[in-house]
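Peer 1: Structure below; questions to follow.
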Amino acid sequence: MSAPHQTDQSITGVLERIIYFNEDSAYCIAELRTPEGKTPVTILGQLPGVQCGETLRLNGEWTRHPQHGDQFKFARFKSQLPASVHGIRKYLGSGLIHGIGKSYAKKIVDYFGADTLRVISEDSGRLHEVPGIGKQRAKSIKLAWDEQRAVRDVMMFLQTYGVTPAQCVRLVKKYGNGAKRILQDEPYRLAEDIERIGFKTADKIALNLGFPTNSKERIEAGILHTMRQLEDDGHTLGTAEMILEQATRLLNLEPGLVQQYITALNRAERLFKVNAVDSAGQSLGPGYQLPKTAGAEKRIAEALAQISQTKSILPSIKVDAAIDWAEQRTGFEMASLQRTALQNTLRSKVSAITGGPGTGKTTILRAVVDILRAKKVRIALASPTGRAAQRLAEASGAPASTIHRLLKFDAASRSFLHNADEPLPCDFLILDETSMLDTRLAAHLFDAVPSGAHLLLVGDADQLPSVGAGNILGDLLTAPPAKVTRLDTIYRQGKESGIVTTAHAILHGETHPGMTFRSLRELDPEKDFTFIEAEDPEQCVLAIKYLAREYIPKTHGIDPIKDLQIMSPMHRGKGGITLLNAELQEVLNSKDQAESRMRSDPDYAAARQTHFREKTRKPLPAELEYGSTTFRIGDKVIQNRNNYDKNVFNGDTGIIRAIAPDRSGLTVDFGETQVEYTKGEMANVHLAYAISIHKSQGSEYPVVVIPLLKQHFLLLQRNLVYTGITRAKSKVYLVGSLDAYAMAIKNNEQQVRRTHLQARLRKACGDQADAASS
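Residue numbers (the numbering used here): 30 to 803.
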C-alpha cells in the first residue's frame with residue numbers, strides 16, 4: 030500500500046498484531062488492518078492499554094523506512110472495543126483476560142456473537158452456558174474483565190500525563206475499581222501511595238484537572254514530598270528553616286502560606302515537631318520528622334536503654350583469662366587495643382568496634398565467638414546484606430544471616446515474626462557492617478533483642494553511610510550507651526597490602542606513596558593495587574573492557590561475571606553504570622555466549638526443568654527485552670529495592686538462570702534462593718556487571734575495578750573512593766584520571782546527616798555517661 034507523505038493524517042482500523050511493545054514507555058510497533066487495505070499497515074507510537082482486536086483511530090504522519098517501507102507514525106490515538114465477531118474473537122484470544130485463551134475465546138464468541146462483550150460485562154452469569162465453562166471459571170473471567178477494564182480506563186485517562194503502563198497497573202492493584210475516581214478527586218495521593226510516582230507527576234495531573242496552585246491538598250502534598258526528599262538524602266529530620274525553604278521553592282508560593290500548612294500538619298500529627306540539635310548537642314532550632322521515622326528513632330533509643338540497664342544473662346566469664354585462652358587457641362598474641370576491644374565487648378551490655386581494613390576486627394570477632402561458644406552462649410550473627418552475612422560467617426567461623434532473615438519476615442502479616450513481644454532466641458547478638466544499617470530496619474532489629482542479651486555493633490565509620498535514612502553507626506559511636514573501641518593500627522599482613530595502606534592514606538588525605546601507576550601494556554600481576562591512567566571516557570571504557578574480558582580472567586584465574594565487580598560513581602554518561610553494563614554484557618555475555626551457556630551448563634538445564642513448568646523439549650529463550658535493557662541467561666543482576674514477598678532485598682545480586690518460554694519473565698539465582706519474576710515485577714532488577722559504590726557496601730569481591738573520571742567530579746568524595754577500594758579482597762584497579770583521584774581524596778566535605786537519634790539516646794539513657802571511647 031503506497032501512502033502520501035504528509036503530516037496531520039488520520040487512519041482507522043483494527044489492531045491486528047503487536048510486533049514490539051516496551052513495558053515502560055508503552056512504545057509500540059504493530060500492524061493495523063484498515064477497511065480499505067488488503068495488507069496490514071505498520072504503525073509506530075505509544076499505545077498504552079490496548080489489545081489486538083480493538084478499533085483504533087490514529088493521528089500522525091506517514092514515513093518511509095528504507096527496509097520496511099511505508100509506516101504510519103502516530104502522536105495521538107482513540108480506541109474503542111471491537112464490535113465485529115472477528116475483532117471480539119481476536120481481542121479475547123489475545124491473552125488479555127485470565128482464563129480465556131484462543132480456544133475459549135472462539136467458544137464464547139461462537140455462542141454469543143457480537144453480544145459477547147456486553148454479556149461478560151453486564152450478564153457474566155450466562156458464561157457458564159458455554160460448554161466447558163463452569164460457574165467458577167465464569168466468575169474468574171468476570172473478575173479479570175473488571176480488573177482489565179479498570180486498568181484500561183486508568184491508562185486511557187493518564188496517557189497524556191506521562192504515567193507508564195507499569196505504574197497504571199500498580200495504581201489499579203492499590204485502588205482497585207476506584208482508581209479513576211481517586212485520580213480525579215485525590216490525585217496527590219499518588220505521590221504518597223504509589224512507588225515511583227512522585228509529587229511532580231501527581232501535581233501535573235492535579236493542575237490539569239483544575240486543582241488551584243494554593244489548594245490545601247497541593248500544599249500539604251508538597252510539604253510531605255519535601256520531607257520524603259530529605260529522607261531520600263539520608264536525613265531523618267529537617268530543620269524548620271530547611272523545610273520551609275525547600276517546600277516554598279517546590280510549590281512556588283509565599284513562605285507564610287506554606288508555614289501555615291506546616292503548622293497544620295504538625296497539629297494533625299502528620300509531622301512530628303522536635304528541638305533539632307547538632308552532633309555536639311547545640312540547638313538548631315525547631316525541626317520536624319515524619320511520624321514513622323520519629324517513632325523508629327524513639328524505639329531504637331528505648332530498646333538500647335532497656336538492654337543497657339538490664340542485668341546480663343551471660344554466665345560468669347573471667348574476661349582476662351578468657352582472652353588468654355583465645356590467644357593460646359589461635360597461637361596469636363593480641364595487641365593492647367585488641368584486648369581492650371574484647372574486654373569492652375564481654376563486659377558491656379552494648380558495645381561497638383570501629384576501624385578500617387587490616388585493624389584487627391576479624392581477629393576480635395573470631396575470639397568473641399570462640400569464647401562465647403566455649404561458655405555455651407546462644408549467639409546470633411547478622412549483617413544487612415547477604416554478601417556481608419557470608420563474609421561475617423567466614424570471618425567468625427559461625428553461621429550468620431541477613432537481618433531480614435534473622436527477624437523472619439512474614440509475608441501474610443507484612444511484619445517480622447521476631448519483635449519486642451517475640452524476642453530473638455539469643456543471648457548475644459553480633460551485628461557487622463553497621464554503617465549500612467538505616468533507621469527503620471535498626472528499630473525492628475533492636476526491638477527484637479532480649480533485654481538481658483548483649484549487643485555488639487561492628488563497622489567502619491569512615492565508609493559511606495547507609496542508603497536509607499539515618500546515621501546509626503555514627504550516632505551510636507558518639508552517644509550512650511555503647512562502650513566504643515576505635516581501632517586505628519594496621520597489623521601484620523595489612524602493612525604489606527597496597528589496598529590496606531592506600532585506604533588508610535586516603536583517610537588522611539594522602540596519595541599513597543607506594544601506589545603503582547601503569548599502562549595496560551605493563552601491568553604487574555603481583556601488585557594488589559594498580560592505577561591505570563586513562564584521561565578520557567573512551568579510553569577508560571576500553572581499558573575496563575580489556576581488563577574484564579582478557580587480562581583479569583587470564584591473569585588471576587577468576588570468573589569475570591561472578592568474581593569481578595566494576596563500581597562507578599555515576600549512573601549516566603560515559604564511564605557511568607548504564608553504559609558500562611551494556612558494554613560489559615556484550616563482551617562477557619553476548620547472545621551467542623548465553624545460548625552456548627544454556628546448552629552446556631548443567632545449572633541452566635536444571636533451571637529449565639524446575640522453573641516456568643516447561644514440559645516440551647523446546648529450549649528456553651536466551652534473552653528477554655525489558656524496556657531499554659536486554660536480559661540474557663547468565664547475566665549478573667541486582668535487586669534495587671526490598672521485595673519482602675519474594676524474600677529478596679536491596680543490593681542482593683544473582684545470576685539469571687532461566688527465561689520463560691513466552692518471554693514473560695525470568696528466574697534469578699540469588700544463591701540461597703531462586704526467584705521467579707514476571708515482566709510486571711522486573712522494574713527493580715538491573716544488570717550488575719557495573720554497580721554503584723553505594724550498592725557495593727557490605728560486599729567483598731576478589732577483584733574490583735573503579736573508573737574515576739573528571740566527569741564524575743560532582744560525586745567524587747574521599748569516603749566514596751575509600752569504600753570502593755575496601756570492597757576488594759585481592760586486587761584493585763583504578764582506571765582514569767589522576768586529577769580526578771586527587772579531587773576525590775581532597776574532598777572530605779561529607780554531607781552532615783540530620784538525625785534526632787543522639788538526643789533521644791541521651792534522654793532515654795538518663796544519667797549514663799556518654800559513649801566511652803578507648
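The beta carbon of each residue, even a glycine, is placed where N, CA and C say it ideally should be.
Please read these numbers as outputs of a predicted model, since none were measured by experiment.
Pairing CB atoms from the segment 428-440 with CB atoms from the segment 682-693, are three or more of them under 8 Å?
Peer 2: Three or more beta-carbon pairs separated by less than 8 Å are not found between the segment 428-440 and the segment 682-693, which leaves the two stretches without contact.
Peer 1: Excluding five sequence neighbours on each side, which residues of the same chain lie with their C-beta closer than 7 Å to the C-beta of Arg210?
Peer 2: For this step, residue 210 is matched to residue 181 along the sequence shown. Here the set comprises nothing.
Peer 1: What do you get for Gly415, buried or exposed, if any count of 16 or more other CB atoms within 10 angstroms of its CB means buried?
Peer 2: Here residue 415 refers to the residue found at position 386 of the sequence shown. The residue in question, Gly415, is buried, as its Cβ has 16 or more Cβ neighbours within 10 Å.
Peer 1: Helix, strand or coil for Thr540 per DSSP?
Peer 2: Here residue 540 corresponds to residue number 511 of the sequence shown, with the count starting at 1. Looking at Thr540 - three-state DSSP - the assignment turns out to be coil, as it is neither helix nor strand.
Peer 1: For a test of the three-state rule: what should DSSP assign to Tyr673, helix, strand or coil?
Peer 2: Within the sequence shown, the letter at position 644 stands for residue 673. DSSP places Tyr673 in coil when its eight states are reduced to three.
Peer 1: Taking just the CA atoms, how far does Ile126 sit from Leu833?
Peer 2: Here the chain has residues from 30 to 803 only, and residue 833 is not among them.
Peer 1: Is it right to say Lys583 is buried, meaning 16 or more other beta carbons lie within 10 angstroms of its own, or is it exposed?
Peer 2: Translated into the one-based positions of the sequence shown, residue 583 becomes position 554. Its Cβ having fewer than 16 others within 10 Å, Lys583 is exposed.
Peer 1: Buried or exposed: where does Ile720 fall if 16 or more other Cβ atoms within 10 Å of its Cβ makes it buried?
Peer 2: What you label residue 720 is simply residue 691 of the sequence shown in a count that begins at 1. So Ile720 counts as buried.
Peer 1: For His640, count the other beta carbons within 10 Å of its own beta carbon; 16 or more makes it buried, fewer makes it exposed. Which is it?
Peer 2: Mapped onto the sequence shown, residue 640 falls at position 611. Legend: pLDDT at His640 = 48, less than 50; position of this residue unreliable, no value from coordinates given.
Peer 1: Under DSSP, the alpha helix (DSSP H) around His115 begins and ends at which residues?
Peer 2: Taking the sequence shown and counting its residues from 1, one reaches residue 115 at position 86. Start and end: 114-121.
Peer 1: For the alpha helix (DSSP H) that contains Val570, what are its first and last residues?
Peer 2: Residue mapping note: residue 570 aligns to position 541 of the sequence shown, counting from 1. Its alpha helix (DSSP H) spans residues 566-575.
Peer 1: Answer with yes or no whether the minimum CB distance from Ala269 to chain C is below 9 Å.
Peer 2: Of the protein chains in the structure, only one exists, and it is not chain C.
Peer 1: State the beta-bridge partners of Met627 as determined by DSSP.
Peer 2: On the sequence shown, residue 627 is found 598 positions in, with the first residue counted as 1. Answer is none; Met627 lacks a bridge partner.
Peer 1: Grouping DSSP H, G and I as helix and E and B as strand, with all else coil, what is Ile223?
Peer 2: Along the sequence shown, one-based indexing puts residue 223 at 194. If DSSP states are grouped into helix, strand and coil, Ile223 belongs with coil.
Peer 1: On the DSSP letters alone, give me the boundaries of the beta strand (DSSP E) that Val704 sits inside.
Peer 2: For the purposes of this step, residue 704 is taken as the residue at position 675 of the sequence shown. Start and end: 703-707.
Peer 1: Answer with buried or exposed for Met30, where buried requires no fewer than 16 other C-beta atoms within 10 angstroms of its C-beta.
Peer 2: Within the sequence shown, numbered from 1, the residue matching residue 30 stands at position 1. Summary for Met30: the model assigns pLDDT 45, below 50, so the residue's position carries little reliability; its value from the coordinates is reported in the next sentence. Exposed.
Peer 1: List the whole-angstrom C-beta distance separating Met711 from Tyr655, where the pair is believed to meet the contact cut-off of C-beta under 8 Å.
Peer 2: As a working note, residue 711 is residue 682 in the sequence shown. As a working note, residue 655 is residue 626 in the sequence shown. With a Cβ gap of about 5 Å, Met711 and Tyr655 count as contacting.
Peer 1: Return the first residue and the last residue of the beta strand (DSSP E) that Asp99 is part of.
Peer 2: Locating residue 99 in the sequence shown gives position 70, where the first residue counts as 1. Counting along the chain, Asp99 sits inside the beta strand (DSSP E) bounded by residues 98-109.
Peer 1: Could you round the C-beta distance between Arg515 and Gly680 to whole angstroms and report it? I think they count as a contact, below 8 Å.
Peer 2: Residue 515 sits at position 486 when you count from the first residue of the sequence shown. Residue 680 sits at position 651 when you count from the first residue of the sequence shown. Arg515 to Gly680, Cβ: 27 Å. No contact.
Peer 1: Return helix, strand or coil for Ser150, following the three-state DSSP convention.
Peer 2: Numbered from its first residue, the sequence shown carries residue 150 at position 121. Correct three-state label for Ser150: helix.
Peer 1: What does a CB cutoff of less than 6 Å around Leu536 pick up in its chain, not counting 5 residues either side in sequence?
Peer 2: Reading the sequence shown from its first residue, position 507 is the one you call residue 536. Cβ neighbours of Leu536 beyond the five flanking positions: Asp491.
Peer 1: Between Leu506 and the rest of its own chain, which residues show a CB-CB distance below 7 Å, the 5 nearest in sequence each way excluded?
Peer 2: Numbered from 1 along the sequence shown, position 477 holds the residue referred to as residue 506. Same-chain partners within the cutoff: Ala381, Thr383, Ala490, Val513, Ala800.
Peer 1: In chain order, which continuous runs of the alpha helix (DSSP H) of length 4 or greater are located wholly inside the segment 253-339?
Peer 2: 269-280, 284-296, 320-338
Peer 1: Can you give the Cα-Cα distance for Asn396 and Glu356, rounded to whole angstroms?
Peer 2: The count along the sequence shown starts at 1 and reaches residue 396 at position 367. The count along the sequence shown starts at 1 and reaches residue 356 at position 327. The sequence given here has Ala at residue 396, not Asn. Roughly 8 Å between the two C-alpha positions.
Peer 1: Leaving out five residues before and five after Ile149 in sequence, what residues of the same chain have Cβ atoms less than 6 Å from its Cβ?
Peer 2: Looking up residue 149 in the sequence shown gives position 120. Excluding positions up to five away in sequence, the list reads Trp174.
Peer 1: By Cβ distance below 6 Å, which residues in the same chain neighbour Lys603 in space, the five residues on each side in sequence not counted?
Peer 2: Sequence index remark: in the sequence shown, residue 603 carries index 574 (1-based). Excluding sequence neighbours, Lys603 sits near Pro566.
Peer 1: By Cβ distance below 7 Å, which residues in the same chain neighbour Lys302 in space, the five residues on each side in sequence not counted?
Peer 2: Looking up residue 302 in the sequence shown gives position 273. Result list for Lys302: Asn295, Pro315, Tyr317, in chain order.
Peer 1: Have a look at Ser759 and Pro69 and give me their C-alpha separation to the nearest angstrom.
Peer 2: Indexing the sequence shown from 1 puts residue 759 at position 730. Indexing the sequence shown from 1 puts residue 69 at position 40. Those two C-alpha atoms are separated by around 60 Å.
Peer 1: Measuring alpha carbon to alpha carbon, tell me which of Thr242, Ala208, Gly251 ends up nearest Gly227.
Peer 2: Here residue 227 refers to the residue found at position 198 of the sequence shown. Cα-wise, what sits closest to Gly227 is Gly251.
Peer 1: Which residues bound the alpha helix (DSSP H) around Gln746?
Peer 2: Here residue 746 corresponds to residue number 717 of the sequence shown, with the count starting at 1. Gln746 -> no alpha helix (DSSP H), and no H or E assigned at all.
Peer 1: Note down, in chain order, each residue of its chain lying with its Cβ closer than 6 Å to the Cβ of Ser725, except the 5 sequence neighbours on either side.
Peer 2: Within the sequence shown, the letter at position 696 stands for residue 725. Hits under 6 Å: Met596, Arg756.
Peer 1: According to DSSP, is Ser725 helix, strand or coil?
Peer 2: Taking the first residue of the sequence shown as position 1, residue 725 is located at position 696. The answer is helix: DSSP assigns Ser725 an H, G or I state.
Peer 1: Mind reading off the beta-carbon distance from Ile590 to Pro731? Whole number of angstroms is fine, and I expect it under 8 Å.
Peer 2: Taking the first residue of the sequence shown as 1, we reach residue 590 at position 561. Taking the first residue of the sequence shown as 1, we reach residue 731 at position 702. In fact, because the Cβ distance is near 12 Å, the residues do not count as touching under 8 Å.
Peer 1: Note down, in chain order, each residue of its chain lying with its Cβ closer than 6 Å to the Cβ of Glu246, except the 5 sequence neighbours on either side.
Peer 2: Residue 246 sits at position 217 when you count from the first residue of the sequence shown. The residues are Tyr217.
Peer 1: Apart from the five residues on each side of it in sequence, which residues of its chain come closer than 8 Å, Cβ to Cβ, to Glu83?
Peer 2: Residue mapping note: residue 83 aligns to position 54 of the sequence shown, counting from 1. So the list reads Val43, Leu44, Ser108, Gln109, Leu110, Pro111, Gly116, Tyr120, once near-sequence residues are dropped.
Peer 1: Which value, in whole angstroms, describes the spacing of the CA atoms of Glu624 and Arg661?
Peer 2: Mapped onto the sequence shown, residue 624 falls at position 595. Mapped onto the sequence shown, residue 661 falls at position 632. One C-alpha to the other measures close to 9 Å.
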